[in-house]
Structure formats: structure tokens, C-alpha cells
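Engineer:
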Amino acid sequence: MQKIHAAITAVGGYVPDYVLTNAELETMMDTNDEWITSRTGIKERRILKGEGKGSSDLAVGAVLNLLEKRGLAPTDIELVICATTTPDMQFPATANVICDKVGMVNAWGYDINAACSGFIYALTIGSQFIETGRHKKVLVIGVDKMSSIMNYEDRATSIIFGDGAGCVLLEPNDEGNGLIDSILKTDGRGRVYLHQKAGGSVKPATIETVMNKEHYVYQEGQAVFKFAVKNMADAAAEILERNNLTADDVAWLVPHQANKRIITATAERMNLPAEKVMVNIERFGNTTNGTLPLCLWEWESKLHKGDNIILAAFGGGFTWGSTYIKWAYDTK
Ligand code: UT7
């Protein structure tokens, strides 16, 4: 009997309307379009505006988009896994909030926090509920409202991040398509280079933590860059090797969109030409957990049943990894 794989059967996405351009950043801090473009590849990013709006609102947009495309009711979903670094609140889980807002009353859900690698962590975890037969419809969401933890006086960090959400539906597949393999890694020593200093149990919020701007993203960009280039490329190369794939076998690389230079290095390591690499960083920047599903959302119509697709990510933790997917459908 053919093994049951967890296949992506639908993709949804959502980005907020407000476009924060490099030109506008020039009015907020000492930076310029030339520096940002040449160092990162980013031209603009989307920002969620409006009082009382959080990551769940971005995710709701993506989930409604997916349900409509797939012709499903909210009540059809059995499990929701939400990968996010900017949850609506410390608790309850943003997955719970999304279920409530969308009306997914038959689902249970929880959040995954693995920074920029969260989507591939969640995808791998969600797949196991399908492979074991426990569930038939699992929704995996990657979402972040990075603007909520961004210090727009920190020109080296704030210029790369943006807000957005994407999601995929996982269903059983007995044709050999779906998630075939994944490599997931963690090295907690990397936490010193990329973190949020206050607001957790070690350093709860006080007037001082707010005054010291300790609730924003702290990033030592160069150090993170070095680890990202090496580890994301290593993980992508390793998954090719252990599945006996060559660059010719790969239809698409879906890389985390943190910096165009990291994406290029990963593709070169895999010997992949630029035409096989999904890149939308110039329009969305780094949406953290949103980058990979937003790429799948934008490229969905170009994907074909049986395509070999490699996802790769690197982020805070450090966390990193890659997944190998055999695409399961052609878009009608
Ligand atoms: O997704 C999660 C994981 N995160 C990543 O993968 C991010 C990895 N890191 C990076 O992508 C890059 O390190 C950044 C894009 C964040 C920063 O680029 P960089 O080339 O590493 O710049 P840097 O911080 O080393 O700064 C180089 C110079 C400095 O000037 P001096 O000291 O050489 O005179 C900075 O002050 O560029 C200056 N600089 C800027 N200049 C204009 C830093 N940011 C800016 C800016 N505009 N926005």
C-alpha cells in the first residue's frame, strides 16, 4: 500500500494595503534607497495599520482566501497550527484567536515559535497528523506583524521587516505527492544575536524596559547574516543529497526572504539558476513566518503536480532547515 503523505492542497495569502517604501524610510531615518536595495534587495514592505489589529487579522485574510479557493467551510478544518513570532498576545495562542474569528469551531489549534523557520517547523509537525491518519484537514499558517516590534530608529534592522500572512491546507495523498522529507535544526547559542530582550518571563515589561526600547527586535545583522548564509545553504544542499536530487530535478527553491544576498548564496550552493528561485523580497521584505507561504501563494499558478520543491529557512534561535515537497496539484 502506498504511504500516506501530507500534501498541500490549497494556498492562501494576505498582505495589508499600506506600502512602506524605501523613500518613506528615508524620511524616518538616516538611510537611502541605494543602500537598502544593494544590501538587501528590498524596495518596499507592507504594514498593517489600525488600532487593535494584530497578527490574527492578517492570518484571517489568508485563511478566508484559502477556504474560498478550496471551496471549504470553516467548520471543515480539524487542526490549526500558527507559526508566529508576533502573537496577538502572550496568551492565548493566536491560533485560538484565528479559529474564533474565522469560525473554525471544530478545530483545535496552537502556536509554534521558531522565528523565521516557524513555517517549515509547523509544516513538518502538521504533516505528521495527516501521515498518522489522525486528521484529514490541517491548516498551517505563517504570519507576522513585524512592525509591532520594530524600532524605526534602528536603521540596520527595521528596513528589512514587513507584515504579512500565508497559509496552506494539508490533506492526505496516496499518489506519492506531498511532504517527502524535512531537516530541522536548532542552536540556542545563536539567541544572543537575534532576540527581543524584554516582555518574557526573564525580563517582564516595566517602565524601564519600555524606555530602553527593549521590546523591539534586537539583531546583530552581520553575525546573523554569516550563520544564515551557511546554514540555510547547507540544509538545502543536504536535503538534495539525501533524496538523490540534482539541481535539474528541482522545479523551485522557496527560500526565506530575509536578504536577497542570502537567497542568492543558497541558490548558488544548490547550482540552481535564478529562474527557479522564488523571490518577492523586493515587494514584501522579510515577513518572518509569512515569507514561505506568501511565495507559494504568489507562484501557485506556476506549480505543477509532481514538481520537486525545496523550502529553506533560517531565523532567530537560531533555527533553520529545509523541506522537500512533491507538489500535488495543477491550478485550474
Ligand atoms: O530573517 C531572520 C534572520 N535575519 C537575517 O537573516 C538578516 C541577516 N542580516 C542582514 O541581512 C544584514 O546584516 C542587514 C541587512 C541587516 C544589515 O546589512 P549589513 O551589510 O550587515 O550592514 P551592517 O549592519 O554591517 O552595517 C554596515 C554599514 C554601517 O556603517 P559603517 O559602520 O560601516 O560606517 C552601518 O552603520 O552600513 C550602515 N548602515 C546603513 N546605512 C544606510 C546600516 N544600516 C543602514 C541603513 N542605511 N539602513
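In terms of numbering that gives the first Met the number 0, the numbers along the sequence shown are unbroken and rise by one, the last being 331. Ideal placement from N, C-alpha and C gives every residue a C-beta, glycine not left out. All values derive from a computational prediction rather than experimental measurement.
1. Could you tell me whether any non-hydrogen atom of the ligand UT7 is closer than 7 Å to the CB of Val223?
2. Does the beta carbon of Gly220 fall short of 7 Å from some heavy atom of the ligand UT7?
3. Could you give the first and the last residue of the continuous beta strand (DSSP E) run that contains Thr322?
4. Do you know offhand how far Ala236's Cα is from Pro203's?
5. In three-state terms, what does DSSP make of Asn242?
6. Excluding the five sequence neighbours on either side, which residues of its own chain have a C-beta within less than 6 Å of the C-beta of Thr330, listed in chain order?
7. Which residue from Phe313, Lys212, Leu295 and Thr265 puts its Cα closest to that of Ala327?
8. Looking at Ile97 and Ala58, is the spacing between their C-beta atoms short of 8 Å?
9. For Ile206, count the other beta carbons within 10 Å of its own beta carbon; 16 or more makes it buried, fewer makes it exposed. Which is it?
10. Per the DSSP calculation, His4 is bridged to which residue(s)?
11. What's the call for Gln256, buried or exposed, on a 16-neighbour Cβ count within 10 Å?
12. Should Asp87 be labelled buried (16 or more other beta-carbon atoms within 10 Å of its own) or exposed?
13. For Asp32, tell me which candidate among His4, Tyr17 and Arg154 has the shortest Cα-Cα distance.
14. Please go through the same chain and pick out, in chain order, the residues whose beta-carbon is closer than 6 Å to the beta-carbon of Thr156, but skip the five residues on each side of it.
15. Could you tell me which residues DSSP puts in a beta bridge with Phe313?
16. Specify the secondary structure class of Ser55 as computed by DSSP and reduced to three states.
17. Please confirm whether His134 and Leu78 have their CB atoms less than 8 Å apart.
18. When DSSP labels each residue in this structure, what does Ser376 get in the three-state scheme?
19. When the Cα atoms are used, what is the spatial distance from Asn285 to Gly220?
20. Determine the burial state of Pro292: buried for a count of at least 16 other Cβ atoms within 10 Å of its Cβ, exposed for fewer.
21. Using 7 Å as the cut-off, classify the Cβ of Cys294 as near or not near the heavy atoms of the ligand UT7, replying yes or no.
22. Would Gly315 and Leu183 be called neighbours here (beta carbons separated by less than 8 Å)?
23. Which first and last residues belong to the beta strand (DSSP E) in which Glu337 is found?
24. Counting pairs of beta carbons, one from the region 39-53 and one from the region 102-117, are three or more of them closer than 8 Å?
25. Can you tell me which residues form a DSSP beta bridge with Gly11?
26. For Asn105, which residues from the same chain have a beta carbon less than 8 Å from its beta carbon, with the 5 sequence-adjacent residues on both sides left out?
27. Can you confirm whether the region 245-256 touches the region 268-279 when touching is taken to mean that 3 or more C-beta pairs between the two stretches lie within less than 8 Å?
28. Is the distance from the Cβ of Thr287 to the Cβ of Cys115 below 8 Å?
29. With DSSP as the reference, identify every bridge partner of Trp107, one or two as the case may be.
30. Are there 16 or more other CB atoms within 10 angstroms of the CB of Thr39, so buried, or fewer, so exposed?
31. For Asn307, name the three-state secondary structure that DSSP assigns.
32. With Leu178 and Leu244 assumed to form a contact (beta carbons below 8 Å), what rounded beta-carbon distance in angstroms separates them?
33. For the beta strand (DSSP E) holding Ser147, just list the boundary residues, first then last.
34. On a CA-only basis, which of Ala82, Val209 and Trp319 is nearest Phe224? Give me that one, please.
Structural biologist: Taking the definition as stated:
1. yes
2. In this structure, Gly220 has its CB closer than 7 Å to one or more heavy atoms of the ligand UT7.
3. Where Thr322 is concerned, the enclosing beta strand (DSSP E) stretches over Thr318 to Lys325.
4. 40 Å
5. coil
6. Around Thr330: Glu299 and Ser300.
7. Taking each of Phe313, Lys212, Leu295 and Thr265 in turn and checking the Cα distance to Ala327, the smallest one comes out for Leu295.
8. It is a contact, given that the beta carbons lie within the stated cut-off.
9. exposed
10. BP columns for His4 point to Asn172.
11. buried
12. buried
13. Arg154
14. Val216 and Gln218
15. Looking at the DSSP assignment, Phe313 forms a beta bridge with Trp319.
16. helix
17. yes
18. With the chain covering 0 to 331 only, the question about residue 376 has no answer from this structure.
19. Roughly 13 Å separates the two Cα atoms.
20. buried
21. no
22. no
23. Look at the range of the chain in this structure, 0 to 331, and you will see that residue 337 is not part of it.
24. no
25. Looking at the DSSP assignment, Gly11 forms a beta bridge with Cys166.
26. Hits under 8 Å: Thr74, Asp75, Ile76 and Glu77.
27. yes
28. It is a contact, given that the beta carbons lie within the stated cut-off.
29. Leu78
30. By the 10 Å Cβ count, Thr39 comes out buried.
31. strand
32. Actually they are not in contact, since the Cβ atoms of Leu178 and Leu244 sit about 15 Å apart, beyond 8 Å.
33. That residue, Ser147, is in no beta strand (DSSP E); it is neither H nor E in DSSP.
34. Trp319
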